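Heads up: the structure comes next, in structure tokens.
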Amino acid sequence: MDIPLCRTNENAPATQIILTDAAALPLYHAQPERFAAAIAPDGAACADWAAQLAPLPVGLVLDCPPEPDVDNVPRPITMYYIGQCKAAFRDRLHDDAAFYYLRGAPTFTALRAAVLALGDMCGRTVIAELAVEDDEGRLADGTDVRAAIGVLQRIGVSTVILSAHDPESLTEALDAAAPYARLSVGVAAHSAWLRAQTRLYNTELFLPVAHDGEARLLEAVAGHCAGHTVPRDHDDFILAPDGKNAHFIDPTIDISDEIECGHRLGEALIDAEDEAGALKLVLESEEDVVALEEYRYMISRPVCLCAESAELLEQGLRVYPGLALYDGTWEQPEDVLHYWEKKYGLILL
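Residue 51 in numbering that gives the first Met the number 0 sits at position 52 of the sequence shown, with consecutive numbering throughout.
Below you can see the structure in the form of structure tokens.
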């Protein structure tokens with residue numbers, strides 16, 4: 000599988016390094032085929048590196064801002080946070096950046112909002128970092144890595160880089176996610192882990208970690224024999240995450256009766272717990288969008304969103320952290336649906 004952001008040389012090895020340290024620039028000139036891209040420290044360096052390393056793609060890091068104090072911001076909070084991301088990113092964007100590397104998101108919901116914010120601002124390639132916290136393949140907020148990747152790959156992210164506190168957690172996360180990933184997968188791993196032959200699945204990119212460096216990583220990658228390829232042929236079902244959990248559904252999934260997203264949404268979700276299929280949530284006002292955000296923690300099933308107003312439905316898509324289904328209720332224009340499909344990962348049944 001080609002690496003979308005780079006692969007400037009068709010004869011390049013299947014695994015490549017992302018360069019991050021100015022001291023490693025000579026390594027690229029000595030072995031250009033071993034490098035997939037470079038991440039510059041700032042805009043000035045980005046322009047300089049782009050000239051020195053051409054045709055290697057050179058990008059910039061964008062650190063996600065902290066999530067706001069929920070008691071002191073307007074609702075929906077997601078909309079407010081998207082605005083915060085835009086403010087934080089605006090001065091970091093640079094004409095010479097071929098891509099942006101998003102990192103440091105406090106939750107997966109925040110990372111998704113950051114991707115949306117960046118998509119609103121520019122059309123550059125996006126790499127997103129996912130920090131795995133345990134050996135069950137979950138992020139710090141409990142999000143299943145398969146759910147995270149399932150969402151990100153449908154909203155414009157071309158590559159995910161997984162990091163972990165220990166090699167076992169990294170292996171388990173890759174094992175869980177690799178069969179369902181339709182984007183490039185990389186890892187931020189200590190060279191010692193690679194020398195110890197840590198098992199890695201479908202890993203194409205390697206990012207140096209602090210106090211390690213490109214030279215050690217290049218040597219470790221060259222001697223690493225525990226890479227494994229997992230087939231990506233699971234096309235007989237749809238991955239429809241709710242934002243935290245991964246759901247694998249059939250296109251003919253049952254859809255519940257309409258559930259209004261009003262002040263009683265919590266009660267309605269409890270009443271629907273024993274039902275099968277997807278939850279059909281109806282948006283009739285901006286207050287319903289706020290309720291959807293407030294009660295999304297109670298949703299553990301695929302969601303079908305519908306609204307007569309296209310504007311309200313888009314607000315719901317921005318707030319809902321998973322991949323929403325669309326079953327044709329209140330038919331929307333085809334071009335609008337395709338835009339939502341690309342922007343928010345809307346799943347058209």
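Positions of the beta carbon are idealized from the N, C-alpha and C atoms, including for glycine. Note that the coordinates shown come from a computational prediction; the quantities given were computed from them, not determined experimentally.
*To the nearest whole angstrom, what separates the beta carbons of residue 51 and residue 34, a pair I think is in contact under 8 angstroms?*
Within the sequence shown, residue 51 is the residue found at index 52, counting from 1. Within the sequence shown, residue 34 is the residue found at index 35, counting from 1. Wrong, their Cβ atoms sit about 12 angstroms apart, outside the cutoff.
*Touch check for the segment 89–97 and the segment 69–80: three-plus C-beta pairs under 8 angstroms?*
For the pair of segments examined, the segment 89–97 was found not to touch the segment 69–80: the number of CB pairs separated by less than 8 angstroms stays below three.
*Ordered along the chain, which non-local residues of its own chain (more than five positions away) have a Cβ less than 6 angstroms from that of residue 325?*
In the sequence shown, residue 325 corresponds to position 326, counting from 1. Cβ neighbours of residue 325 within its own chain (closer than 6 angstroms, five residues either side excluded): 345 and 347.
_Start and end residues, alpha helix (DSSP H) containing residue 88_ = Here the question's residue 88 lines up with position 89 in the sequence shown. Note, residue 88: alpha helix (DSSP H), 76–89.
*Whole angstroms is fine: what's the gap from residue 93's alpha carbon to residue 265's?*
Within the sequence shown, numbered from 1, the residue matching residue 93 stands at position 94. Within the sequence shown, numbered from 1, the residue matching residue 265 stands at position 266. Going from the Cα of residue 93 to the Cα of residue 265 covers about 44 angstroms.
*When the Cα atoms are used, what is the spatial distance from residue 125 to residue 101?*
Residue mapping note: residue 125 aligns to position 126 of the sequence shown, counting from 1. Residue mapping note: residue 101 aligns to position 102 of the sequence shown, counting from 1. Spanning the two alpha carbons is a distance of roughly 7 angstroms.
*Is it the case that the Cβ atoms of residue 113 and residue 84 are separated by a distance below 7 angstroms?*
The residue labelled residue 113 in the question sits at position 114 within the sequence shown. The residue labelled residue 84 in the question sits at position 85 within the sequence shown. It is a contact, given that the beta carbons lie within the stated cut-off.
*Give the DSSP-derived three-state secondary structure of residue 227 in the structure shown.*
The residue you call residue 227 lines up with position 228 of the sequence shown. Residue 227 carries a strand assignment under DSSP once its states are collapsed to helix, strand and coil.
*Unbroken stretches of the beta strand (DSSP E), 3 residues or longer, contained in the segment 129–173*: Listed in chain order, they are 156–163.
*Among 141, 152 and 199, which has the Cα closest to the Cα of residue 169?*
Along the sequence shown, read from residue 1 onward, the residue named residue 169 stands at position 170. When each option's Cα is compared against that of residue 169, the closest is 199.
_Proximity to residue 252 [Cα-Cα], best of 129, 108, 300 and 175_ = The count along the sequence shown starts at 1 and reaches residue 252 at position 253. Taking residue 252 as reference, the option from 129, 108, 300 and 175 with the minimal CA-CA separation is 300.
*Is residue 202 near residue 186, with beta carbons less than 7 angstroms apart?*
Counting from 1 along the sequence shown, the entry for residue 202 is found at position 203. Counting from 1 along the sequence shown, the entry for residue 186 is found at position 187. Yes, the pair counts as a contact, with Cβ atoms nearer than the cut-off.
_Could you check whether residue 240 and residue 149 sit closer than 7 angstroms to each other, using their CB atoms as the reference points?_
Here residue 149 is taken as the residue at index 150 of the sequence shown, counted from 1. Here residue 240 is taken as the residue at index 241 of the sequence shown, counted from 1. Using a Cβ distance threshold of 7 angstroms, residue 149 and residue 240 count as a contacting pair.
*With respect to the beta strand (DSSP E) encompassing residue 15, which residues constitute its N-terminal and C-terminal limits?*
Within the sequence shown, residue 15 is the residue found at index 16, counting from 1. Note, residue 15: beta strand (DSSP E), 15–18.
*Other residues of its chain near residue 48: CB distance less than 7 angstroms, five sequence neighbours each side excluded*: Within the sequence shown, the letter at position 49 stands for residue 48. The beta carbon of residue 48 is closer than 7 angstroms to those of 37, 39 and 57 in its chain, skipping five residues each way along the sequence.
*Using 8 angstroms as the Cβ pair cut-off and three pairs as the minimum, do the segment 215–229 and the segment 257–277 touch?*
Cβ pair count under 8 angstroms is below three, so no.
*Could you check where the beta strand (DSSP E) with residue 103 kicks off and where it finishes?*
Numbered from its first residue, the sequence shown carries residue 103 at position 104. For residue 103, no beta strand (DSSP E) encloses it, and the DSSP letter there is neither H nor E.
*asked:* As a quick exercise: from 206, 97 and 289, pick the residue whose alpha carbon is nearest that of residue 45.
replied: In the sequence shown, residue 45 corresponds to position 46, counting from 1. Measuring from the Cα of residue 45, the nearest candidate turns out to be 97.
*What first and last residue would you give for the beta strand (DSSP E) that runs through residue 190?*
Working through the sequence shown from its first residue, we reach residue 190 at position 191. From DSSP, residue 190 is part of no beta strand (DSSP E) but of the alpha helix (DSSP H) over 190–194.
*Between which two residues does the beta strand (DSSP E) harbouring residue 291 extend?*
Here residue 291 refers to the residue found at position 292 when the sequence shown is read from its first residue. From DSSP, residue 291 is part of no beta strand (DSSP E) but of the alpha helix (DSSP H) over 285–293.
*When we look at the beta-carbon of residue 171 and count the other beta-carbons within 10 Å, is it buried (16 or more) or exposed?*
On the sequence shown, residue 171 is found 172 positions in, with the first residue counted as 1. Answer is buried; the Cβ neighbour count reaches 16.
*If you count every other CB in all the chains shown that lies within 10 Å of the CB of residue 263, and 16 or more means buried, which is it?*
Indexing the sequence shown from 1 puts residue 263 at position 264. Residue 263 is exposed by the Cβ-count criterion.
*Among residues of its own chain, excluding the 5 on either side of residue 127, which ones have a beta-carbon nearer than 7 angstroms to its beta-carbon?*
Here residue 127 refers to the residue found at position 128 when the sequence shown is read from its first residue. 101, 110, 114, 151, 156 and 159, listed in sequence order.
_Once the 5 residues before and after residue 271 are set aside, which same chain residues still bring their CB inside 7 angstroms of it?_
Stepping through the sequence shown from its first residue, residue 271 is reached at position 272. Counting only Cβ-Cβ distances below 7 angstroms, and skipping sequence neighbours, we find 255, 258 and 278.
*Tell me whether residue 347 sits in a helix, a strand or coil according to DSSP, three-state version.*
Residue mapping note: residue 347 aligns to position 348 of the sequence shown, counting from 1. In this structure, residue 347 counts as strand in the three-state DSSP scheme.
*Spell out the partners DSSP gives residue 255 in its beta bridges.*
Counting from 1 along the sequence shown, the entry for residue 255 is found at position 256. Beta-bridge analysis with DSSP links residue 255 to no other residue.
*Using 10 angstroms around the beta-carbon of residue 27, count the other beta-carbons present and answer buried if the total reaches 16, otherwise exposed.*
Mapped onto the sequence shown, residue 27 falls at position 28. By the neighbour-count criterion, in which a residue is buried when 16 or more other Cβ atoms sit within 10 angstroms of its Cβ, residue 27 is buried.
*Look at the Cβ atom of residue 297, then the Cβ atom of residue 316, and state whether they are nearer than 7 angstroms.*
Looking up residue 297 in the sequence shown gives position 298. Looking up residue 316 in the sequence shown gives position 317. For residue 297 and residue 316, no; Cβs fall outside 7 angstroms.
*asked:* Helix, strand or coil for residue 70? Go by DSSP, reduced to three states.
replied: As a first step, residue 70 must be located in the sequence shown, where it is residue number 71. Of the three classes helix, strand and coil, the one that applies to residue 70 here is helix, per DSSP.
*asked:* So for residue 238, helix, strand or coil by DSSP?
replied: As a position in the sequence shown, residue 238 is number 239, starting the count at 1. Residue 238 falls in the strand class under three-state DSSP.
*When you compare only the Cα positions, how much space is there between residue 64 and residue 121?*
Taking the sequence shown and counting its residues from 1, the one referred to as residue 64 is at position 65. Taking the sequence shown and counting its residues from 1, the one referred to as residue 121 is at position 122. So the two alpha carbons sit approximately 18 angstroms from each other.
_Spatial neighbours of residue 167 within its chain, please: C-beta separation below 6 angstroms, excluding the five flanking residues on both sides._
Within the sequence shown, numbered from 1, the residue matching residue 167 stands at position 168. Closer than 6 angstroms at Cβ, skipping near neighbours: 134.
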